[in-house]
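Enquirer:
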Amino acid sequence: MTLTERDKKYIWHPLKQHQTHPESLGIVKAKGVMLTDEHGNEYIDAISSWYTCMFGHCNDYIINKVHAQMQQLDQVMFSDFTHPAAVELSEKLIAILPKNQSKIFFNDNGSTAVESAIKMALQYYFNTGEKRTAFIAFENGFHGDTFGAMSASGLSVYNGPFEDFLIDVQRIPTPNGKNHNEILRQLEEIVIHNNVAAFIYEPIVQGAAGMKIHDINGVDEILQFCKNHEIITIADEVMTGFGKTGKNFASEYMETKPDIICLSKALTGGMVPMAITSCTQKIYDAFLSNDIAKGYFHCHTYSANPIGCAAAIASIELLQSEEIKTNIKRISKAHKEFSEKIASHKKVKSTRQIGVIFALDLNTNTERYGSLRDILLSSFMKEGIFLRPLGNTIYIQVPYIITMEQLDKIYNTIEKILDNLL
Ligand SMILES: *Cc1c(COP(=O)(O)O)cnc(C)c1O
497 MTLTERDKKY
507 IWHPLKQHQT
517 HPESLGIVKA
527 KGVMLTDEHG
537 NEYIDAISSW
547 YTCMFGHCND
557 YIINKVHAQM
567 QQLDQVMFSD
577 FTHPAAVELS
587 EKLIAILPKN
597 QSKIFFNDNG
607 STAVESAIKM
617 ALQYYFNTGE
627 KRTAFIAFEN
637 GFHGDTFGAM
647 SASGLSVYNG
657 PFEDFLIDVQ
667 RIPTPNGKNH
677 NEILRQLEEI
687 VIHNNVAAFI
697 YEPIVQGAAG
707 MKIHDINGVD
717 EILQFCKNHE
727 IITIADEVMT
737 GFGKTGKNFA
747 SEYMETKPDI
757 ICLSKALTGG
767 MVPMAITSCT
777 QKIYDAFLSN
787 DIAKGYFHCH
797 TYSANPIGCA
807 AAIASIELLQ
817 SEEIKTNIKR
827 ISKAHKEFSE
837 KIASHKKVKS
847 TRQIGVIFAL
857 DLNTNTERYG
867 SLRDILLSSF
877 MKEGIFLRPL
887 GNTIYIQVPY
897 IITMEQLDKI
907 YNTIEKILDN
917 LL
């Protein structure tokens with residue numbers, strides 16, 4: 497029996513309607529940018545397995561660091577102890593995060609990094625004695641699948657059955673360079689009618705919404721508004737962090753820095769799950785008290801797992817290497833050229849690009865998860881490329897180590913499929 501067949505017996509997959517999409521392809525190996533399936537077919541991983549393996553799959557540098565850590569210290573309770581890998585990772589993160597960040601809190605995944613941020617914001621105001629319980633978030637944002645994170649997310653396809661149980665979130669449109677007066681008017685309105693604790697946002701690029709890119713000045717204006725109204729700003733950099741936008745963090749594009757930052761995905765280069773919620777000294781200080789209940793009583797069993805820390809340390813070292821920096825510039829340039837070229841294709845409605853992120857919208861109408869998407873997905877797989885379109889949007893987010901030849905293959909296949917299929 498194939499893995500695909502054995503899988504069906506016991507496994508319930510995420511994000512899958514098993515009645516209409518019953519099959520999962522067995523992947524048995526990954527190296528660099530290539531995935532190998534159980535039949536020996538190879539695919540270029542053009543979305544870095546959900547923006548995680550940015551330094552390539554099974555990266556030797558990360559493997560070696562993780563291996564050494566495994567022989568030294570595997571797991572220890574972080575509520576009671578500390579360890580070298582956690583300390584070193586925190587030092588390395590603080591050195592590259594926006595200057596106002598001064599404390600590192602460990603989580604297990606992107607959703608819990610966001611969940612922590614939301615709880616920190618709520619407890620910040622609880623501790624300081626001010627009643628603030630509402631949140632502001634962008635339309636169509638995605639922040640994860642736990643309750644708080646899901647509340648902040650504006651993609652209703654995920655939230656339907658749970659809407660009655662979510663926390664209070666007011667939505668504003670994303671800035672497009674033309675709507676800033678309208679957004680500021682809405683913000684004024686929101687703060688009159690709500691006690692807003694925090695604004696949570698994906699800085700500049702909304703990933704799950706289809707790599708939607710925002711107007712930088714517009715985001716800055718919103719952040720400034722929040723500062724003026726003592727609304728805590730939470731940058732969800734789970735997708736955008738670690739070089740994808742051409743800077744280490746997307747928050748570097750704005751002058752106003754967030755109070756809290758959520759990180760995961762490429763944090764460990766895709767080796768193991770781990771996440772971070774960082775914050776300013778001011779947030780941290782609001783939890784200091786002789787009253788034990790004012791502390792932050794949120795913990796995951798594997799907090800600051802040493803193996804995860806070792807993978808993250810290795811990934812940050814790679815991110816800072818000249819080789820990776822050069823690669824990010826090389827891919828950004830290639831994307832830009834492809835973006836300009838493909839924009840005039842008659843089946844393309846619009847294109848956008850920032851750093852190693854490229855996206856195009858098709859000139860067709862279809863449901864977000866309708867059949868066109870499935871046809872596209874399987875056509876790309878047949879051509880040896882794993883691309884996962886989101887509705888009408890085809891996007892690329894390749895590992896930094898991809899060669900020009902592999903990148904050209906992705907571009908050419910997109911063109912070929914646009915020419916022939918649609
Ligand atoms: C993926 C993602 C999350 C959720 O992370 P998980 O590890 O899947 O829980 C949260 N925010 C953003 C912006 C993401 O892209």
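Residue numbers (our numbering): 497 to 918. Beta carbons: idealized from backbone N, C-alpha and C, even for Gly. This structure is a prediction, so every number in the text was calculated from the model and none was measured.
1) Could you pull the start and end residues of the beta strand (DSSP E) that Y893 belongs to?
2) Have a look at R864 and N888 and give me their C-alpha separation to the nearest angstrom.
3) May I ask which residues mark the beginning and end of the alpha helix (DSSP H) holding N466?
4) With 8 Å set as the bound, which would you pick, yes or no: does the beta-carbon of S817 sit closer than that to a beta-carbon of chain D?
5) Count the other CB atoms, across all protein chains shown, that sit within 10 Å of the CB of H553; report buried if there are 16 or more and exposed otherwise.
6) Sort out for me which residues DSSP pairs Q666 with in a bridge.
7) Pair every Cβ in the region 718-725 with every Cβ in the region 675-692, then say whether three or more of these pairs are closer than 8 Å.
8) For G737 and E698, I'd like the C-alpha separation in whole angstroms.
9) Give a yes or no on whether the C-beta atoms belonging to L903 and A830 are separated by under 8 Å.
10) In the region 768-836, which residue ranges form an unbroken alpha helix (DSSP H) of at least 4 residues, counting only runs that do not cross its ends?
11) Count the other C-beta atoms from every protein chain shown that fall within 10 angstroms of the C-beta of P518, then say buried if there are 16 or more, exposed otherwise.
12) On a CA-only basis, which of Q567, I820, M767 is nearest T899? Give me that one, please.
13) Using a Cβ-Cβ cutoff of less than 8 Å, which residues in the same chain neighbour C795 once the five nearest sequence positions on both sides are dropped?
14) Name the DSSP beta bridge partners of E879, please?
15) Out of curiosity, what's the CA-to-CA distance linking D781 and F695?
16) Please return the same chain residues whose Cβ sits closer than 7 Å to the Cβ of V734, not counting the five positions on each side in sequence.
17) When the Cα atoms are used, what is the spatial distance from I543 to I906?
18) When the Cα atoms are used, what is the spatial distance from P754 to T729?
19) Go through the region 570-603 residue by residue and report every complete run of the beta strand (DSSP E) that reaches 3 residues or more, in order.
20) Can you determine whether any heavy atom of ligand 1 sits closer than 7 Å to the C-beta of A704, and answer yes or no?
21) Is D541 near ligand 1, in the sense that its beta carbon is under 7 Å from a heavy atom of that ligand?
22) According to the neighbour-count rule (16 or more other Cβ atoms, all chains shown, within 10 Å of its Cβ), is G536 buried or exposed?
23) Using a Cβ-Cβ cut-off of 8 Å (strictly less than) and excluding sequence neighbours within five positions of S928, which residues of its own chain qualify?
24) Going by the CB atoms, is the gap between D711 and G765 shorter than 8 Å?
Expert: With the given structure in hand:
1) As a position in the sequence shown, residue 893 is number 397, starting the count at 1. Correcting the residue type first, residue 893 is Gln in the shown sequence and not Tyr. Segment 889-893, the beta strand (DSSP E) holding Q893.
2) The residue you call residue 864 lines up with position 368 of the sequence shown. The residue you call residue 888 lines up with position 392 of the sequence shown. Residue placement at R864 is flagged as unreliable, the pLDDT there being 46, under the threshold of 50; a coordinate-derived value is accordingly withheld.
3) With the chain represented from 497 up to 918, any question about residue 466 goes unanswered, as that position is not in the structure.
4) Within the model displayed, chain D is absent; a lone protein chain is all it includes.
5) Your numbering for residue 553 matches position 57 in the sequence shown. Its Cβ being crowded by 16 or more others within 10 Å, H553 is buried.
6) Within the sequence shown, the letter at position 170 stands for residue 666. BP columns for Q666 point to I632.
7) yes
8) Counting from one through the sequence shown, the residue named residue 737 turns up at place 241. Counting from one through the sequence shown, the residue named residue 698 turns up at place 202. Roughly 10 Å between the two C-alpha positions.
9) Taking the first residue of the sequence shown as position 1, residue 903 is located at position 407. Taking the first residue of the sequence shown as position 1, residue 830 is located at position 334. Yes; because the gap between Cβ atoms is below 8 Å, this pair is in contact.
10) 777-781, 802-815
11) Position 22 of the sequence shown, counted from the start, is the residue given in the question as residue 518. That one is exposed.
12) Walking along the sequence shown from the start, residue 899 turns up at place 403. The residue with the shortest Cα to Cα distance from T899 is I820.
13) Here the question's residue 795 lines up with position 299 in the sequence shown. Excluding positions up to five away in sequence, the list reads F574, S575.
14) Indexing the sequence shown from 1 puts residue 879 at position 383. In the DSSP output, where bridge partners are listed per residue, E879 has none listed.
15) Walking along the sequence shown from the start, residue 781 turns up at place 285. Walking along the sequence shown from the start, residue 695 turns up at place 199. Taking the straight line from one Cα to the other gives about 20 Å.
16) On the sequence shown, position 238 is the one that residue 734 refers to. Taken in chain order, the residues that qualify are G606, A609, C758, L759, S760, K761.
17) The residue given as residue 543 occupies position 47 in the sequence shown. The residue given as residue 906 occupies position 410 in the sequence shown. I543 and I906: Cα-Cα distance of roughly 11 Å.
18) By one-based count along the sequence shown, residue 754 stands at place 258. By one-based count along the sequence shown, residue 729 stands at place 233. Those two C-alpha atoms are separated by around 5 Å.
19) 599-603
20) For the purposes of this step, residue 704 is taken as the residue at position 208 of the sequence shown. Yes, the beta carbon of A704 sits closer than 7 Å to at least one heavy atom of ligand 1.
21) Stepping through the sequence shown from its first residue, residue 541 is reached at position 45. For ligand 1, not one heavy atom lies less than 7 Å from the Cβ of D541.
22) As a first step, residue 536 must be located in the sequence shown, where it is residue number 40. Flag for G536 reads exposed.
23) Given that the chain is displayed from residue 497 to residue 918, the structure contains no residue 928 and the question cannot be resolved.
24) Residue numbering aside, residue 765 sits at position 269 when the sequence shown is read from its first letter. Residue numbering aside, residue 711 sits at position 215 when the sequence shown is read from its first letter. Not in contact: G765 and D711 (Cβ atoms no closer than 8 Å).
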